[in-house]
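The opening position of the sequence shown corresponds to residue 28 in the working numbering, with each subsequent residue numbered one higher. Glycine residues also receive a C-beta, built at the ideal position from the N, C-alpha and C atoms.
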Amino acid sequence: PLMSICILIVGTHGDVQPFVAIALRLQEDGHRVRLATHAVYRDFVEKHGIEFYPLGGDPKELAAYMVKTGGNLIPTNIKTLTEDMPRNMQMINEIVLSTWPAVSKADPDGGGAGIPGPPFRAQAIIANPVSYGHVHVAERLGVPLHIMFPQPWVPTMAFPHPLSNLAYTGRWQKRNYLSYKLVDMIMWQGTEGVINEFRTEVLKLHPIRNGDSGSELLLDLAIPHSFMWSPRLVPKPSDWGGLYDVIGTVTLKGTASRYSPTPELQAFLGNDGGPIFVGFGSMVLADPLATTKMIIDAAKQANVRVLIQSSWSDMAGDLKIPDNVFFLGSCPHDWLMPRVSAVIHHGGAGTTAAGLLAGKPTFVVPFFGDQPFWGQAVVSARVGVAPCPIAQLTTEVLRKAFVDLASPELRKRAETLRDLMQEEDGAGEAVRSFYHHLPKQ
28 PLMSICILIV GTHGDVQPFV AIALRLQEDG HRVRLATHAV YRDFVEKHGI EFYPLGGDPK
88 ELAAYMVKTG GNLIPTNIKT LTEDMPRNMQ MINEIVLSTW PAVSKADPDG GGAGIPGPPF
148 RAQAIIANPV SYGHVHVAER LGVPLHIMFP QPWVPTMAFP HPLSNLAYTG RWQKRNYLSY
208 KLVDMIMWQG TEGVINEFRT EVLKLHPIRN GDSGSELLLD LAIPHSFMWS PRLVPKPSDW
268 GGLYDVIGTV TLKGTASRYS PTPELQAFLG NDGGPIFVGF GSMVLADPLA TTKMIIDAAK
328 QANVRVLIQS SWSDMAGDLK IPDNVFFLGS CPHDWLMPRV SAVIHHGGAG TTAAGLLAGK
388 PTFVVPFFGD QPFWGQAVVS ARVGVAPCPI AQLTTEVLRK AFVDLASPEL RKRAETLRDL
448 MQEEDGAGEA VRSFYHHLPK Q
């Protein structure tokens, strides 16, 4: 049956993009789909012909908070505890409050600025776990919920929770399993007040009492999850059972065809296999100029050409930029990645997948969250060099990475993985998984 489906997404541009691809597939099947995410992404969503609803929260602030805390759930820095953490809680509160109108009300600017769009009521909800309100608004409406996410979020013995700061040993361990319980518990402790107020005041539902294990709601209610990464890169753990699917990388097709490079970029890319790509996506660098200087010095020592992509932070400043280094603003990964020789980045799920889909040897410099997980994954798959956290990055580490990434064996293995990953249809699998887990009418 045709449905009105609401997709609730909190995160960066890279988090939102795959859900545009999923929304388009659902629309092709005739469903009415609304993508609810941060207000800054309205144009991006609407230009793909998808209905929008603005969620609370500012993705740039959320990312900056994660970098400040190093992804630690309990901040170690006192300033972060006293100033940044309350602001972050306020933002989580804004996000949670906005999930209810997102699934039940007209878009306030759906008919143009200040003109409401048509009424809306969700009959099914797809969400990423960090949109927090998902399971509660689904309960209030009495509709099915399906969680989709590009990082592991349910217990397994195969690897630890990406926010637990546990080291990846590559071994099957009970402590990995427990790390999920621990992270869920800490996150629930942090958001319990906000959630219960939302449930009682806004949704008119009973509060979740102590002992009701609010932290394990998604597990207790047997909510299906689809994990959006290539099983060729990280196979589905055998202890996940039928409720949890690994569906492949979800990519938004066609962004490359609309891009036209400047003559300067075209010339810099050259035809000798291309420069090495360095880019840290939406990450906020503590000292952008020092990082840039490090890249320039390492590139000189290793005698390589480097293309630096910077989005939010001005990385060039007043530095003198040598001929073997080129700066680039926003540019679609699916256009750029095939034209470089290797990639160095923060290890976000989307960027990691984009580099591997282009068959490029990878060096991950993780900042927080699931990024160390992907840094480890490229090494386990033998298509990259050992990751180095941003705080430990030096000119020497970079120089060595520049040299190691040129290995012909590494390139060959990366190209083999590319061919396998390109056969996957992540968006199609996401939709099939969604249908498969819907309650049978």
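Legend entry - Backbone secondary structure at residue 272 - three-state DSSP: strand
Inset, instruction - Look at residue 177 and residue 345 and say whether their C-beta atoms are less than 9 Å apart. - result: no
Inset, instruction - Pick helix, strand or coil for residue 178, following the three-state DSSP scheme. - result: The DSSP-derived three-state label of residue 178 is coil.
Inset, instruction - Please classify residue 289: does DSSP put it in a helix, a strand, or coil? - result: coil
Legend entry - Which listed residue (49, 247 and 63) has its alpha carbon closest to that of residue 57: 49
Inset, instruction - Tell me whether residue 31 sits in a helix, a strand or coil according to DSSP, three-state version. - result: strand
Legend entry - Whole-angstrom distance between residue 413 and residue 441, CA atom to CA atom: 15 Å
Legend entry - Spatial neighbours of residue 454 in its chain, beta-carbon cut-off 6 Å, leaving aside the 5 residues before and after: 48, 49, 52 and 277
Inset, instruction - Starting from residue 336, follow its DSSP beta bridges and name the residues at the other end. - result: 306 and 355
Legend entry - Chain-order list of residues whose beta-carbon lies under 6 Å from that of residue 329 (same chain, five-residue window excluded): 426, 429 and 430
Inset, instruction - Classify residue 62 as helix, strand or coil using the three-state DSSP reduction. - result: In this structure, DSSP gives residue 62 an extended state, which the three-state scheme calls strand.
Inset, instruction - Locate the beta strand (DSSP E) running through residue 428, then write down its first and last residues. - result: It is not in any beta strand (DSSP E) - residue 428 instead sits in the alpha helix (DSSP H) that spans 422-431.
Legend entry - Spatially closest choice to residue 66 from 87, 304 and 395, by CA coordinates: 87
Inset, instruction - Would you give the residue range spanned by the beta strand (DSSP E) that residue 81 belongs to? - result: Secondary structure note for residue 81: its beta strand (DSSP E) is the uninterrupted segment 78-82.
Inset, instruction - Sort out for me which residues DSSP pairs residue 370 with in a bridge. - result: 304 and 389
Legend entry - Residue range of the unbroken beta strand (DSSP E) whose run includes residue 253: Start and end: 252-254.
Legend entry - Contact under 9 Å by Cβ, residue 122 with residue 43: no
Legend entry - Inter-residue spacing [alpha-carbon to alpha-carbon] between residue 234 and residue 163: 10 Å
Inset, instruction - Give the C-beta separation of residue 333 and residue 305 to the nearest angstrom, bearing in mind that I take them to be a contact with Cβ-Cβ under 8 Å. - result: Contact between residue 333 and residue 305 holds, since their C-beta atoms are separated by about 6 Å, short of 8 Å.
Inset, instruction - On the DSSP bridge assignment, give the partners of residue 154 in chain order. - result: 35 and 174
Inset, instruction - Could you give the DSSP three-state label for residue 220: helix, strand or coil? - result: helix
Inset, instruction - Pull up the CB-CB distance for residue 72 and residue 32, whole angstroms please, since I reckon it's below 8 Å. - result: With 8 Å as the limit, residue 72 and residue 32 do not qualify as a contact, their Cβ atoms being about 14 Å apart.
Legend entry - Three-state class that DSSP yields for residue 137 in the structure shown: strand
Inset, instruction - Kindly indicate which residue of 219, 353, 439 and 433 has the alpha-carbon position closest to the one of residue 160. - result: 219
Legend entry - Segment limits, alpha helix (DSSP H) that includes residue 382: 376-384
Legend entry - Cutoff 7 Å; reference residue 84; Cβ partners in own chain excluding five residues on either side: 37, 65, 118, 121 and 122
Inset, instruction - Check whether the segment 351-367 touches the segment 291-306, counting contact only when three or more Cβ pairs, one atom from each stretch, lie closer than 8 Å. - result: Taking a cut-off of 8 Å for Cβ pairs, the segment 351-367 and the segment 291-306 touch, as three or more such pairs fall below it.
Legend entry - Alpha carbon of residue 279 to alpha carbon of residue 388, nearest angstrom: Taking the straight line joining both Cα atoms gives about 22 Å.
Inset, instruction - Put residue 412 into one of helix, strand or coil per three-state DSSP. - result: strand
Inset, instruction - Pick out whichever of 136, 224, 378 and 395 has its Cα sitting closest to the Cα of residue 63. - result: 136
Inset, instruction - Please classify residue 297: is it buried, with 16 or more other beta-carbons within 10 angstroms of its beta-carbon, or exposed? - result: exposed
Legend entry - Cβ distance (whole Å) where residue 264 is taken to contact residue 185 below 8 Å: Sure, about 4 Å apart at Cβ, within 8 Å.
Inset, instruction - Could you check how far apart the C-beta atoms of residue 168 and residue 191 are, in whole angstroms? I think they sit under 8 Å. - result: 32 Å between Cβ atoms; not a contact.
Inset, instruction - Give the single residue among 230, 275 and 109 whose Cα lies nearest to the Cα of residue 449. - result: 275
Legend entry - Proximal residues to residue 438 (C-beta, below 7 Å), its chain only, five neighbours per side dropped: 388
Inset, instruction - Confirm, please, whether the CB-CB distance from residue 207 to residue 227 is below 9 Å. - result: Contact: no.
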